[in-house]
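In order, the protein sequences belong to chains A and B.
Position 78 (the first sequence) corresponds to 132 in the working numbering; numbering is contiguous.
Position 231 (the second sequence) corresponds to 243 in the working numbering; numbering is contiguous.
Beta carbons: idealized from backbone N, C-alpha and C, even for Gly.
Presented below is the structure to which this report refers.
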Amino acid sequence: MAGFSRVAVRAVAFPPDRVPMAAPAPRDAEAAFEDAWRNGRRVLSGPAAGCAAALATIPHAALDARGLPAAQAVDLARRVVERSWRWEKLKREREKVLAKLDVVTDAPVLFEAAWTRMAAALAGQDFCRELVVLPANMLTPVTFAERLQALAELGVGIEVLGRGDLRRAGLRGLLALGRASAHPPRVVALTWPGSGGTAPLAFVGKGLTFDTGGVSIKPAAGMETMRADMAGAAACAGAIMALALRRSPCPAVAVLALAENAIGADAWRPSDVIEMADGTEVEIVDTDAEGRIALADALVWTQRRFSPRLMVDAATLTGSIVTALGHHRAGLFCDDETLAQRLLAAGEATGEALWRMPMGGGYREDLKSDIADLRHCLPERMQPDACHAASFLRHFAGETTWAHLDIAGVEAHEEADEEHAAGPTGFGVRLLDALAARYEADG
Amino acid sequence: MPDFAFAKPALPRTGALVLLIAEGEAPWQAADTAAGGGIVRALKAAEFTGKKGQTCTILAPAMPGGTISRIVAVGLGKAGEVTRLGAEEAGGAAAALLAREEHATVAAQGLTPGLAASVATGMALRAWRFDRYRTTEKETDKPKLAKVTVLTEDLAAARAAHAPMAAVVDGVFLTRELVAEPPNVLYPAEMAERCKKLEALGVKVEILGPKEMKKLGFGALLGVAQGSAHEPRMVVMQWHGAGGRGKGAAAPLAFVGKGVTFDTGGISIKPAAGMEDMKWDMAGAGAVVGLMAALAGRKAKVNAVGLVGLVENMPSGTAQRPGDVVKTASGQTVEVINTDAEGRLVLADVLWYCQERFEPRFMIDLATLTGAMIIALGHEYAGFFSNDDTLSKQLHEAGEATGEKMWRMPLGEAYDKQIKSDIADMKNVGGRPGGAITAAQFVQRFVNKKTWAHLDIAGMAWSSKDAPCVPKGATAFGVRLLDRLVADHYEK
């Protein structure tokens, strides 16, 4: 696992000499942050967030977790490691960054045991963050699929569907949306066998390596952030990596629908009607509501191919959810009470918080088309598009237990603040890892 | 509005006949016999099964001995599972098909007397129409329904059940009328005058003008109002239904409404398209007024206060500017970044005043507050925010029971940070992300940790399509919801 860790974390019983040490206040008290020399040692004290931010640029630092139970110490170290993420592979001059963290604890053995599990999740998260941060010319559907080959050495099974395979499988929605791009779409299935025995959990990710909006083109301002429109797929891949690294007994599969939504002479159009993988005829209203089309086909194929125990999809799907929930919670749409409660609990436990949102009923009624089985969104402004999208996906989830995570708004932070590094968050990796842990418990 | 009466079951000879039919049940035997089995045949031909919401009209059935002009069959859904809401919706569905009739008889004897009364309630709710400004409509085009007779075995029980419902319906109509009125007619002073009418129901009504509000330090509300030629008002309505006055009285429930009689957006002016909708930016206040009328009208055994902040938001030489800092009644200062986020400024002062003066058991505010709420939930649910799980559960249940559906939305410190200001205690907008949540965070800063819920009804106050009990237009969302909340949990 060492090879996958960005920050080498180890437990120590005493503060190492000459290493700056952070001593976070246990409950993020009102205490002011302080950076001072005490007994010949640089000590950073105050709220945990402030400490994490300060440690981010110190190559070798210590974290004072004495007096804390192992679980809390792990969570504190996790915050420090997450906050220190920085991606400078394309820069010539690099800044100092946290690489080695000594956690001072009364219970090093307990800490190390708990950290192993966390380190697996964080490695998956880093894998996800790198995929998200990569620019769209470097990460196309094809190169995305190639990068996933790295997971093979962990025992992950990898299946890649190219254009011909997609055609044979009937994923006409995904093919239509990817048609105008010079970079053809892919579906990648990452299989973690676990200890077998049960049907796998399926994570289905939206992987739009770039989204121009297509013919319904987006405004220029802010379009560069659309390189991150594959964050759902990256999170699903990261979750599989985490499960593989910690040798989870839980069988799981990630299905990633990868495509670029481009403009071209043969691009799909608003008003096109597409026969989806399950035969549903869908009227396209807005080519910038492409994610649900990719996911719909992926959900159908996932059921057909894997007969999963349940499906959770993750997607940067709608601007509507950003307006609804902002940057602090992702939207959860789920009509299975058990799965919903488990996801909500996993969200609270990991800090990747969810909020439940409604679907069905009137939202489903709104999707009636005049000429096809469904339309995939509404043309008017001021629409509850997140609820519409979820109601659309509901149709394609069929009889399988399913939840939809709309992670638009939480996949990245524009600017660094005390708690968050600038850039991708890796949202979803630790959440899905924690969800899988809940299913390990009931075998 | 038709008159409603209850009568013992007897086959009518004239007018329209409404048959309420559950799934798999046969229509009223006496009627079908009189029609020589024609009703059963007609319903079969129409594939009418009694499914909820299903309707079937039979014109001029051959019924010797009478001149029944039409039979309207309405599906009730599964027998034995008819709820109050289901009965109201069945009544509403029937009313929609009876506009051309003067008199209708509703065969509700198969239902309990209480549900029979609910059918009448639903019919009334659906038959409402705002006619004040239709001057050239031909008499023949107007709805004719004038009298409805509801058949039931237990007249006394049905009448007893219907009386309080009728009071709530009156409250709903008052709200709908206030919301539907154009803004040149209904400005703050005029709306305050109309609140005065509640005195006839035993409600104590106080009206405060700009001078009084200035004394109270309502810098936020007055800032919004200062651009308009129409002076602002605050109306305080008190209903003492639980007995006891003065110090011995039980702490009241408090309802607070945003009443922007027209919202141009002010200097941060709105786009022209759709601006006419902003006449209903007082629907929160409208609902509070209607709710107080409902509670007083049915003599609810509860102490309740209703407070509405009434202003008009206009751009002018005296209007508030983006960048202004105002001081609220609580002493907290607000940097006004966007003058179109004015509702929360009005609520801030009124909520603070409310909790200080009345120390209420809870405060619930209603406001057409944010477009973000519409983008979040559309027109299916009102979003609500609360610092109390019990009250949240009660609100959610009242929503399901009345069909005024509620969806809880989150609050949290992280969202609160979005309204930090560089030069004041807070700013009045927190950006697009989580726009309804940051508005709720703003409002929460003025509830002084009291038990509280905030209902953002922006998507629910006005409807572009008919619903069974709500004709399109002003919905009076909140009146039936909160009346039910009070009835189910807060009356002794």
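(message) At the 8 angstroms Cβ level, is residue 359 (chain A) part of the contact set with chain B, yes or no?
(response) The residue given as residue 359 (chain A) occupies position 305 in the first sequence. For residue 359 (chain A), the answer is no, since every Cβ of chain B falls outside 8 angstroms of its Cβ.
(request) With a threshold of 16 other CB atoms inside 10 Å of the CB of residue 432 (chain B), please say whether the residue is buried or exposed. (result) Position 420 of the second sequence, counted from the first residue, corresponds to residue 432 (chain B). By the 10 Å Cβ count, residue 432 (chain B) comes out exposed.
(request) List the whole-angstrom C-beta distance separating residue 314 (chain A) from residue 194 (chain A), where the pair is believed to meet the contact cut-off of C-beta under 8 angstroms. (result) Counted from its first residue, the first sequence places residue 314 (chain A) at position 260. Counted from its first residue, the first sequence places residue 194 (chain A) at position 140. Rounded, the Cβ-Cβ distance is 6 angstroms, consistent with contact.
(request) Ignore the nearest five residues each way along the sequence and tell me which others in residue 233 (chain A)'s own chain have a CB closer than 8 angstroms to its CB. (result) As a position in the first sequence, residue 233 (chain A) is number 179, starting the count at 1. Once the five neighbours on either side are set aside, the close Cβ partners of residue 233 (chain A) are 318, 320, 321 and 322.
(request) Give the straight-line distance between the Cα atoms of residue 219 (chain B) and residue 85 (chain B), rounded to the nearest whole angstrom. (result) Position 207 of the second sequence holds residue 219 (chain B). Position 73 of the second sequence holds residue 85 (chain B). So the alpha carbons of these two residues sit roughly 49 angstroms apart.
(request) Starting from the C-beta of residue 210 (chain B), find all residues in its chain whose C-beta is less than 8 angstroms away, skip the five residues before and the five after it, and write them out in chain order. (result) For the purposes of this step, residue 210 (chain B) is identified with residue 198 of the second sequence, where counting begins at 1. For residue 210 (chain B), where only same-chain residues beyond five positions count, the Cβ hits under 8 angstroms are 217, 249, 301, 304, 305 and 308.
(message) If distances are taken between C-alpha atoms only, which option among B:246, B:238, B:425 and B:87 comes closest to residue 59 (chain B)?
(response) In the second sequence, the residue the question calls residue 59 (chain B) occupies position 47. Of B:246, B:238, B:425 and B:87, the residue nearest in Cα terms is B:87.
(message) Measuring only from the beta carbon, is residue 371 (chain B) closer than 7 angstroms to any heavy atom that is part of the ligand HEM?
(response) Ligands are entirely absent from the displayed structure, and the ligand HEM is therefore not among its contents.
(message) Residues of the region 433 to 458 of chain B in Cβ contact with chain A at a cutoff of 9 angstroms, in chain order, please.
(response) 442, 443, 444, 445, 446, 447, 448, 449 and 450
(message) I'd like to know whether the C-beta atoms of residue 472 (chain A) and residue 204 (chain A) end up nearer to each other than 8 angstroms.
(response) Here residue 472 (chain A) is taken as the residue at index 418 of the first sequence, counted from 1. Here residue 204 (chain A) is taken as the residue at index 150 of the first sequence, counted from 1. It is not a contact, given that the beta carbons lie outside the stated cut-off.
(request) Please compile the residues from chain A whose C-beta is within a distance smaller than 7 angstroms of the C-beta of residue 392 (chain B). (result) Position 380 of the second sequence, counted from the start, is the residue given in the question as residue 392 (chain B). The answer, in chain order, is 412, 415, 416 and 417.
(message) I'd like to know whether the C-beta atoms of residue 273 (chain B) and residue 198 (chain B) end up nearer to each other than 8 angstroms.
(response) The residue you call residue 273 (chain B) lines up with position 261 of the second sequence. The residue you call residue 198 (chain B) lines up with position 186 of the second sequence. Contact: yes.
(request) Give the straight-line distance between the Cα atoms of residue 190 (chain B) and residue 147 (chain B), rounded to the nearest whole angstrom. (result) The residue labelled residue 190 (chain B) in the question sits at position 178 within the second sequence. The residue labelled residue 147 (chain B) in the question sits at position 135 within the second sequence. Each residue's alpha carbon lies about 19 angstroms from the other.
(message) Determine, for residue 459 (chain A), whether the minimum Cβ-Cβ distance to residues of chain B falls below 8 angstroms.
(response) If you number the first sequence from 1, residue 459 (chain A) lands on position 405. Not closer than 8 angstroms to any Cβ of chain B, the Cβ of residue 459 (chain A) fails to qualify, so no.
(message) Please report the distance separating the alpha-carbon of residue 34 (chain A) from that of residue 487 (chain A).
(response) With chain A covering only 55 through 497, there is no way to say anything about residue 34 (chain A).
(request) Find the residues of chain B that neighbour residue 437 (chain A), judging by a C-beta separation of less than 9 angstroms, and give them in chain order. (result) Residue mapping note: residue 437 (chain A) aligns to position 383 of the first sequence, counting from 1. Within chain B, the residues near residue 437 (chain A) are 386, 387 and 390.
(message) With distance defined between alpha-carbon atoms, name the residue in A:294, A:161 and A:111 nearest to residue 149 (chain A).
(response) For the purposes of this step, residue 149 (chain A) is taken as the residue at position 95 of the first sequence. For the residues A:294, A:161 and A:111, the minimum Cα distance to residue 149 (chain A) belongs to A:111.
(request) Please confirm if residue 474 (chain B) has its CB atom under 8 angstroms from at least one CB of chain D. (result) Given the protein chain composition of this structure (A and B), no chain D is represented.
(request) Have a look at residue 324 (chain B) and residue 176 (chain B) and give me their C-alpha separation to the nearest angstrom. (result) The sequence position of residue 324 (chain B) within the second sequence is 312, counting from 1. The sequence position of residue 176 (chain B) within the second sequence is 164, counting from 1. Distance between the alpha carbons of residue 324 (chain B) and residue 176 (chain B) is about 34 angstroms.
(message) Using CA atoms only, rank isn't needed, just tell me which of B:259, B:366, B:327 and B:352 is closest to residue 441 (chain B).
(response) Translated into the one-based positions of the second sequence, residue 441 (chain B) becomes position 429. Ranking B:259, B:366, B:327 and B:352 by Cα distance to residue 441 (chain B) puts B:352 first.
(message) One question on the structure: do residue 464 (chain B) and residue 398 (chain B) come within less than 8 angstroms of each other, judged by their Cβ atoms?
(response) Position 452 of the second sequence, counted from the first residue, corresponds to residue 464 (chain B). Position 386 of the second sequence, counted from the first residue, corresponds to residue 398 (chain B). It is a contact, given that the beta carbons lie within the stated cut-off.
(message) By the three-class DSSP mapping on this structure, what secondary structure does residue 70 (chain B) have?
(response) On the second sequence, position 58 is the one that residue 70 (chain B) refers to. Looking at residue 70 (chain B) - three-state DSSP - the assignment turns out to be strand.
(request) Starting from residue 426 (chain B), find everything on chain A with Cβ-Cβ shorter than 7 angstroms and list it in chain order. (result) Here residue 426 (chain B) corresponds to residue number 414 of the second sequence, with the count starting at 1. Simply 382.
(message) Within 10 Å of its beta-carbon, does residue 68 (chain A) have 16 or more other beta-carbons around it, so buried, or fewer, so exposed?
(response) Numbered from 1 along the first sequence, position 14 holds the residue referred to as residue 68 (chain A). Exposed.
(request) Could you pull the start and end residues of the beta strand (DSSP E) that residue 465 (chain B) belongs to? (result) Here residue 465 (chain B) refers to the residue found at position 453 of the second sequence. Looking at the DSSP string, the run of the beta strand (DSSP E) that includes residue 465 (chain B) is 464 to 468.
(request) Would you mind giving the Cβ-Cβ distance between residue 494 (chain B) and residue 376 (chain B), rounded to the nearest angstrom? I have them listed as a contact below 8 angstroms. (result) Counted from its first residue, the second sequence places residue 494 (chain B) at position 482. Counted from its first residue, the second sequence places residue 376 (chain B) at position 364. The pair is a contact, with the Cβ atoms about 7 angstroms apart (cut-off 8 angstroms).
(request) Report the rounded CA-to-CA distance for residue 337 (chain B) versus residue 429 (chain B), giving the unit in angstroms. (result) For the purposes of this step, residue 337 (chain B) is identified with residue 325 of the second sequence, where counting begins at 1. For the purposes of this step, residue 429 (chain B) is identified with residue 417 of the second sequence, where counting begins at 1. Taking the straight line joining both Cα atoms gives about 18 angstroms.
(request) Check each candidate in B:20, B:109, B:91 and B:162 and name the one with the smallest Cα separation from residue 71 (chain B). (result) By one-based count along the second sequence, residue 71 (chain B) stands at place 59. The residue with the shortest Cα to Cα distance from residue 71 (chain B) is B:109.
(message) So, does the region 379 to 390 of chain A touch the region 457 to 466 of chain A, judging by three or more C-beta pairs under 8 angstroms?
(response) yes
(message) Quick check: the Cα distance between residue 504 (chain B) and residue 370 (chain B), rounded to an integer number of angstroms?
(response) Here residue 504 (chain B) corresponds to residue number 492 of the second sequence, with the count starting at 1. Here residue 370 (chain B) corresponds to residue number 358 of the second sequence, with the count starting at 1. Their Cα atoms are separated by approximately 19 angstroms.
(message) At 3 residues or longer, what runs of the beta strand (DSSP E) sit wholly inside the region 426 to 495 of chain A?
(response) 456 to 460
(request) Quick one: list the residues of chain B neighbouring residue 409 (chain A), beta-carbon separation under 8 angstroms, in chain order. (result) As a first step, residue 409 (chain A) is located in the first sequence; it is residue number 355 there, counting from the start. 421 and 422, listed in chain order.
(message) Just list the residues that DSSP pairs residue 95 (chain A) with in beta bridges.
(response) Position 41 of the first sequence, counting from 1, holds the residue named residue 95 (chain A). DSSP lists A:92 as partners of residue 95 (chain A).
(request) With 7 angstroms as the limit, tell me which residues of the region 371 to 385 of chain B have their beta carbon closer than that to any beta carbon of chain A; keep them in chain order. (result) 383 and 384
(request) For residue 388 (chain B), count neighbouring C-beta atoms within 10 Å of its own C-beta (all shown protein chains included) and say buried if the count is 16 or more, exposed if not. (result) Here the question's residue 388 (chain B) lines up with position 376 in the second sequence. The residue in question, residue 388 (chain B), is buried, as its Cβ has 16 or more Cβ neighbours within 10 Å.
(request) Kindly indicate which three-state DSSP category residue 449 (chain B) falls into: helix, strand or coil? (result) By one-based count along the second sequence, residue 449 (chain B) stands at place 437. In the structure shown, residue 449 (chain B) sits in a helix (DSSP, three-state: H, G or I).
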